[in-house]
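Residue numbers (my numbering), protein chains in the order written: chain A, 3 to 113; chain B, 83 to 193. Shown next, in structure tokens, is the structure this report addresses.
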Amino acid sequence: KAGVTQTPRYLIKTRGQQVTLSCSPISGHRSVSWYQQTPGQGLQFLFEYFSETQRNKGNFPGRFSGRQFSNSRSEMNVSTLELGDSALYLCASSLSDTEAFFGQGTRLTVV
Amino acid sequence: KQEVTQIPAALSVPEGENLVLNCSFTDSAIYNLQWFRQDPGKGLTSLLLIQSSQREQTSGRLNASLDKSSGRSTLYIAASQPGDSATYLCAVRGSWGKLQFGAGTQVVVTP
Chain A
3 KAGVTQTPRY LIKTRGQQVT LSCSPISGHR SVSWYQQTPG QGLQFLFEYF
53 SETQRNKGNF PGRFSGRQFS NSRSEMNVST LELGDSALYL CASSLSDTEA
103 FFGQGTRLTV V
Chain B
83 KQEVTQIPAA LSVPEGENLV LNCSFTDSAI YNLQWFRQDP GKGLTSLLLI
133 QSSQREQTSG RLNASLDKSS GRSTLYIAAS QPGDSATYLC AVRGSWGKLQ
183 FGAGTQVVVT P
């Protein structure tokens with residue numbers, strides 16, 4: 003079966019711009035969560051959606067937002083980009099609070 | 083607040099030796115614990131999932147144990163191979179949808 007698909011794989015943006023990342027979970031999975039990975043901070047939880055509802059949110063500023071559609075696909079948006087937002091953004095899907103499967107990530111570079 | 087620690091941060095072994103990776107967590111109220119592997123610049127690959135009620139889980143050369151009361155998990159990789167070189171991450175699932183990650187153990191297996 004198809005895995006978790008994240009698009010795009012790479013992005014270069016300028017400070018002040020906004021960006022939207024997409025995640026298609028494994029078919030049948032209703033939970034999608036997002037993580038930011040940086041060399042200094044490691045993997046940090048952004049938020050989690052289950053059946054179109056945000057169930058949990060990490061300690062990130064309001065510039066980071068997300069949503070989930072009825073087909074379970076999820077998008078993450080970052081507005082007013084800062085240099086510190088440069089990171090690998092990872093999406094994970096699971097049936098519920100079970101085994102999490104990750105996508106290959108989106109590498110965002112802010113210049 | 084849950085904190086996850088992985089020791090050692092890096093490990094280098096000759097091919098054929100067994101690997102022992104440690105993970106500790108401060109809050110024993112977890113749903114499950116998951117071990118992942120990450121290759122440079124890639125996403126996370128799930129290795130093993132241990133439910134909070136389980137003590138052990140095995141898959142091929144991999145064996146993971148969980149002692150929830152003491153807040154510890156150990157991943158054993160038998161007869162290591164150069165292809166096992168990667169960063170290994172443990173993560174505990176607590177509140178809804180959130181995985182709390184350790185910083186990882188970087189493993190190098192030399193031929």
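All C-beta atoms in this analysis are idealised placements derived from N, C-alpha and C, irrespective of residue type, glycine included.
| Item | Value |
| --- | --- |
| Would you say B/Gly142 faces chain A, with C-beta separation under 7 Å as the test? | no |
| When the cut-off is 7 Å and only beta carbons count, does B/Ser128 lie next to chain A? | yes |
| Specify the secondary structure class of B/Asp166 as computed by DSSP and reduced to three states. | helix |
| Please list the terminal residues of the continuous beta strand (DSSP E) segment that includes A/Gly42. | Per DSSP, A/Gly42 belongs to no beta strand (DSSP E) and is neither H nor E. |
| Residues of chain B with a CB under 9 Å from the CB of A/Phe47: which are they? | Gly179, Lys180, Leu181, Gln182, Phe183 |
| Any idea what DSSP makes of A/Gly30, helix, strand or coil? | coil |
| DSSP three-state label for A/Gly1, please. | For chain A, the structure presents residues 3 to 113; residue 1 of chain A sits outside this window and is missing. |
| Please tell me whether A/Thr7 and A/Glu77 are closer than 7 Å, where the distance is taken between their beta carbons. | no |
| If you run the structure through DSSP and keep just helix, strand and coil, what is A/Gly86? | helix |
| Any contact between the segment 89–102 of chain A and the segment 115–126 of chain B? By contact I mean 3 or more CB pairs, one from each, below 8 Å. | yes |
| Give the DSSP-derived three-state secondary structure of B/Lys180 in the structure shown. | coil |
| For a contact meaning CB atoms closer than 8 Å, what does B/Leu131 contact in chain A? | Thr100, Glu101 |
| Jot down the residue ranges of each uninterrupted beta strand (DSSP E) in the segment 112–153 of chain B, minimum 3 residues, whole runs only, in chain order. | 114–120, 126–133, 138–141, 144–149 |
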